[in-house]
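Only one structure is covered here, and it is reproduced in the block below.
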Amino acid sequence: MAEMNRFARWAVNRRTEARARRTLARLGDRLSLGAGARVLELGAGGGGLLALVSERYGPSLLVGTDFDPAQVDAARRFLTDRWGTLPPALELRAADALNLPFADGSFDVVFAMMMLHHVEERHAAYERRPRALQEVRRVLRAGGTFVYSEMFRRAEIRGTLAELGFTQRFLRPGWRVDLAVYETPNVPPAAPSPRP
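Below, the structure is given as structure tokens:
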């Protein structure tokens with residue numbers, strides 16, 4: 001995984017809140033977040049989704065991560081400009097989606113909006129995404145929710161999620177992008193098999 005160039009950052013951060021607002025509208029009541037929810041966003045980018053989730057749902061913990069420290073800074077600037085100061089329940093940090101620095105079962109909901117392809121050296125590859133999805137499964141509690149959107153290798157992602165025991169709750173396939181909600185089984189994930 002690599003940090004994004006300036007143009008890529010601009011493209012991702014441009015209209016971040018408008019995209020997040022459309023996404024939440026499309027999810028409608030399929031997204032259930034109680035006030036005590038613990039929420040993680042992978043690839044938080046400009047911080048638009050973090051802002052809306054914080055304001056609409058008031059989770060007890062909201063963690064926004066990005067592999068690129070410049071994106072973490074961009075989210076911090078956007079949210080600080082919006083509120084003056086970050087809420088105590090909000091944490092921003094650089095993190096690698098292939099090796100998340102969180103304990104097993106730490107979160108009720110994980111978002112990965114248009115970020116899974118960024119774990120690959122080439123966006124169209126499908127070599128590292130299964131590892132990122134394993135990490136999502138590991139940090140979600142039993143019965144937790146995974147919300148994602150993606151434009152590359154969509155069928156393979158759905159297949160990997162099925163192999164990991166996720167159940168599809170909502171899928172809005174589009175011509176270019178899937179928006180989906182999956183739920184983990186009501187049991188913790190099995191330990192990964194040792195690699196030969």
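Quick note: the sequence shown uses the numbering used here, first residue 1, plus one each step.
The beta carbon of each residue, even a glycine, is placed where N, CA and C say it ideally should be.
Please list the terminal residues of the continuous beta strand (DSSP E) segment that includes residue i.
i      : result
Val110 : 107–113
Glu17  : Here Glu17 belongs to no beta strand (DSSP E); instead the alpha helix (DSSP H) covers 16–27.
Val147 : 140–150
Pro101 : Per DSSP, Pro101 belongs to no beta strand (DSSP E) and is neither H nor E.
Thr85  : Neither: Thr85 is in no beta strand (DSSP E) and is coded neither H nor E.
Consult DSSP for residue i and reduce its assignment to one of helix, strand or coil.
i      : result
Tyr57  : helix
Thr184 : coil
Asp96  : coil
Glu135 : helix
Asn13  : Here the model assigns Asn13 a pLDDT of 47, short of 50, so the residue's position is not dependable, and the following value carries that caveat. Three-state result, Asn13: helix.
Phe170 : strand
Gly64  : strand
Leu179 : strand
Leu52  : helix
Leu116 : helix
Ala74  : helix
Arg30  : helix
I'd like the span of the alpha helix (DSSP H) that includes residue i, first residue to last.
i      : result
Thr160 : 154–163
Val39  : No alpha helix (DSSP H) contains Val39, which is instead part of the beta strand (DSSP E) from 38–42.
Can the beta-carbon of residue i be found less than 9 Å from the beta-carbon of residue j?
i      : j      : result
Phe146 : Val110 : yes
Val187 : Ala132 : no
Thr167 : Leu140 : no
Gly98  : Glu135 : Reading off the sequence, residue 98 comes out as Leu, not Gly. A contact, by the Cβ cut-off of 9 Å.
Leu62  : Leu24  : no
Glu150 : Asp178 : yes
Phe78  : Gly47  : yes
Leu49  : Phe102 : no
Tyr148 : Arg169 : no
Thr65  : Leu100 : yes
Since residue i and residue j are thought to touch, with beta carbons under 8 Å apart, how far apart are those beta carbons, to the nearest angstrom?
i      : j      : result
Arg138 : Asp104 : 5 Å
Three or more beta-carbon pairs under 8 Å between the segment 30–39 and the segment 55–69, yes or no? Touching, yes.
Is it the case that the segment 81–93 contacts the segment 114–128, given that we only count it when at least three CB pairs across the two stretches are under 8 Å? no
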